[in-house]
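Undergrad: Residue numbers (UniProt numbering): 1 to 331. This is the structure I want to talk about, given as structure tokens.
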């Protein structure tokens, strides 16, 4: 099959270009003749105004100033029908030509900046996406307790509360200390009755059988109740702020409402032997320590008085009847 001669092939655009070019030259000649005839007539005395050129001639003249289109076609060149139609629009209107040249660019920008919307796309979305359930917060879900866990936690809390109450009561009972003014006098024990009781401090220089270096000693005075004569034994302990025993324990015997062991060291009796003053064998070794004791109630020392049936009774047989602070008064 013979191939057509490329030189003889012309597109509709080429033919139109040749036709338009020939017409333009003819219109140009007509325009020149019209100008010459008008100028010759204008030299006459006729007042008839010159005839303006036809609109087609003006449009053709403007089109003649456009660059000549290229008629050569490469073997790889292709043309879209829409592009050819845009260039084949009437060349007599500059506005239409400009719009045809700028229209593809505007459409391209619009297609890039504003993607086409398809209302039908929303209708075609899967039903499960539209009705997707809200995510469950696993953190809040894990904080929920079942009834068994609630009951268990309640029992544990009740056990802790009971233990705290028991510990408070036990510690209070172990550390309960009465002030001197809080002691109910006369104090009636099982064997001995005391009508008066007081504590104070004395200088160590007044006594001999004391620990070396002691400067200030704690002391206590007690009077037996003559309304109820009693017999038995009393044992006295002094303790410092830490609860440690200070000095030696002191034991007094009572018979028929009187103290009988008058030879007890560091002990003084009145004339009728109903009142006894006992002094500890140890105390503060510095005057400054005693001054601090006077200023701070939290550093109070204590005195403990126990009773038993006889002085020969075992230590476990002595029962406490007085437990109070040693006052800050110094005599």
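Backbone N, C-alpha and C define an ideal beta-carbon position, used for all residues, glycine too.
#1: In or out: residue 224 buried (at least 16 other Cβ within 10 Å) or exposed?
#2: Report all residues from its chain with a CB closer than 6 Å to the CB of residue 275; omit the five preceding and five following residues, and keep chain order.
#3: Give me, in chain order, the residues of the same chain whose beta-carbon lies closer than 6 Å to that of residue 300; leave out the 5 immediate sequence neighbours on both sides.
#4: Can you tell me whether residue 151 is buried or exposed? The criterion is at least 16 other CB atoms within 10 Å of its CB, across all chains shown.
#5: Assess, as a yes-or-no matter, whether the segment 306 to 319 is touched by the segment 230 to 244 under the definition of 3 or more beta carbon pairs within less than 8 Å.
#6: Using 7 Å as the threshold, is the C-beta distance between residue 256 and residue 229 below it?
#7: Per the contact definition of three or more C-beta pairs closer than 8 Å, is the segment 256 to 275 in contact with the segment 312 to 321?
#8: Beta-carbon separation of residue 200 and residue 302 under 7 Å?
#9: Buried or exposed: which applies to residue 291, given that a residue is buried once 16 or more other Cβ atoms fall within 10 Å of its Cβ?
#10: For the beta strand (DSSP E) that residue 237 lies in, which residues bound it at each end?
#11: Leaving out the 5 sequence neighbours to the left and right, which residues in its chain are closer than 8 Å to residue 332 when beta-carbon positions are compared?
#12: Please report the distance separating the alpha-carbon of residue 166 from that of residue 207.
#13: On the CB-based measure, 16 or more other CB atoms within 10 Å of its CB, does residue 271 come out buried or exposed?
#14: Does DSSP classify residue 165 as helix, strand or coil?
#15: Among residues of its own chain, excluding the 5 on either side of residue 246, which ones have a beta-carbon nearer than 6 Å to its beta-carbon?
#16: Flag this pair as yes or no: are the beta carbons of residue 215 and residue 284 separated by less than 7 Å?
#17: To the nearest angstrom, report how far apart residue 170 and residue 153 are at their CA atoms.
#18: Whose C-alpha, out of 158, 197 and 157, is nearest the C-alpha of residue 323?
#19: Near residue 58, which residues of its chain fall below 6 Å by C-beta distance, leaving aside the five closest residues on each side in sequence?
#20: If you draw a straight line from the alpha carbon of residue 393 to that of residue 164, how long is it in whole angstroms?
#21: Rounded to whole angstroms, what is the Cα-Cα separation between residue 310 and residue 250?
#22: Under the rule that 16 or more other beta-carbon atoms within 10 Å means buried, what is residue 332, buried or exposed?
#23: Considering only residues of the same chain and omitting the five flanking positions on each side of residue 221, which have a CB-CB separation below 6 Å?
#24: Please report how far the alpha carbon of residue 248 lies from the alpha carbon of residue 264, in whole angstroms.
#25: Does residue 168 pass the burial test, meaning 16 or more other C-beta atoms within 10 Å, or should it be called exposed?
TA: To lay it out plainly:
#1: Reading the chain shown from its first residue, position 224 is the one you call residue 224. By the neighbour-count rule (16 or more Cβ atoms within 10 Å), residue 224 is buried.
#2: Sequence index remark: in the chain shown, residue 275 carries index 275 (1-based). So the list reads 223, once near-sequence residues are dropped.
#3: The residue you call residue 300 lines up with position 300 of the chain shown. Around residue 300: 325.
#4: In the chain shown, the residue the question calls residue 151 occupies position 151. So residue 151 ends up on the exposed side.
#5: yes
#6: For this step, residue 256 is matched to residue 256 along the chain shown. For this step, residue 229 is matched to residue 229 along the chain shown. Yes; because the gap between Cβ atoms is below 7 Å, this pair is in contact.
#7: no
#8: Along the chain shown, one-based indexing puts residue 200 at 200. Along the chain shown, one-based indexing puts residue 302 at 302. No, Cβ-Cβ distance for residue 200 and residue 302 is not below 7 Å.
#9: By 1-based counting over the chain shown, the position of residue 291 is 291. When all chains shown are included, residue 291 counts as exposed.
#10: As a first step, residue 237 is located in the chain shown; it is residue number 237 there, counting from the start. Taken as a continuous stretch (DSSP letters only), the beta strand (DSSP E) holding residue 237 covers 232 to 239.
#11: As displayed, the chain neither begins before 1 nor continues past 331, which places residue 332 out of reach and without an answer.
#12: Position 166 of the chain shown, counted from the start, is the residue given in the question as residue 166. Position 207 of the chain shown, counted from the start, is the residue given in the question as residue 207. Cα to Cα, residue 166 sits roughly 45 Å from residue 207.
#13: Along the chain shown, one-based indexing puts residue 271 at 271. The residue in question, residue 271, is exposed, as its Cβ has fewer than 16 Cβ neighbours within 10 Å.
#14: As a working note, residue 165 is residue 165 in the chain shown. Three-state result, residue 165: helix.
#15: In the chain shown, residue 246 corresponds to position 246, counting from 1. In its chain, beyond the 5 residues on either side, 238, 240, 280 and 282 have a beta carbon closer than 6 Å to the beta carbon of residue 246.
#16: As a working mapping, residue 215 is identified with position 215 in the chain shown. As a working mapping, residue 284 is identified with position 284 in the chain shown. The answer is yes: Cβ separation under 7 Å.
#17: Working through the chain shown from its first residue, we reach residue 170 at position 170. Working through the chain shown from its first residue, we reach residue 153 at position 153. Using only the alpha carbons, I get a separation of about 26 Å.
#18: For the purposes of this step, residue 323 is taken as residue 323 along the chain shown, with counting starting at 1. When each option's Cα is compared against that of residue 323, the closest is 197.
#19: As a first step, residue 58 must be located in the chain shown, where it is residue number 58. Residue confidence is low: residue 58 scores 48 on pLDDT, short of 50, so the model does not pin down where it sits. No coordinate-derived value is stated.
#20: The chain is shown from 1 up to 331; residue 393 falls before or after that span and cannot be answered.
#21: Counting from 1 along the chain shown, the entry for residue 310 is found at position 310. Counting from 1 along the chain shown, the entry for residue 250 is found at position 250. About 14 Å.
#22: Nothing in the structure corresponds to residue 332, since the chain is present only between 1 and 331.
#23: Within the chain shown, numbered from 1, the residue matching residue 221 stands at position 221. Closer than 6 Å at Cβ, skipping near neighbours: 198 and 277.
#24: Counting from one through the chain shown, the residue named residue 248 turns up at place 248. Counting from one through the chain shown, the residue named residue 264 turns up at place 264. Straight-line Cα distance between these residues: approximately 12 Å.
#25: Along the chain shown, read from residue 1 onward, the residue named residue 168 stands at position 168. Residue 168 is exposed by the Cβ-count criterion.
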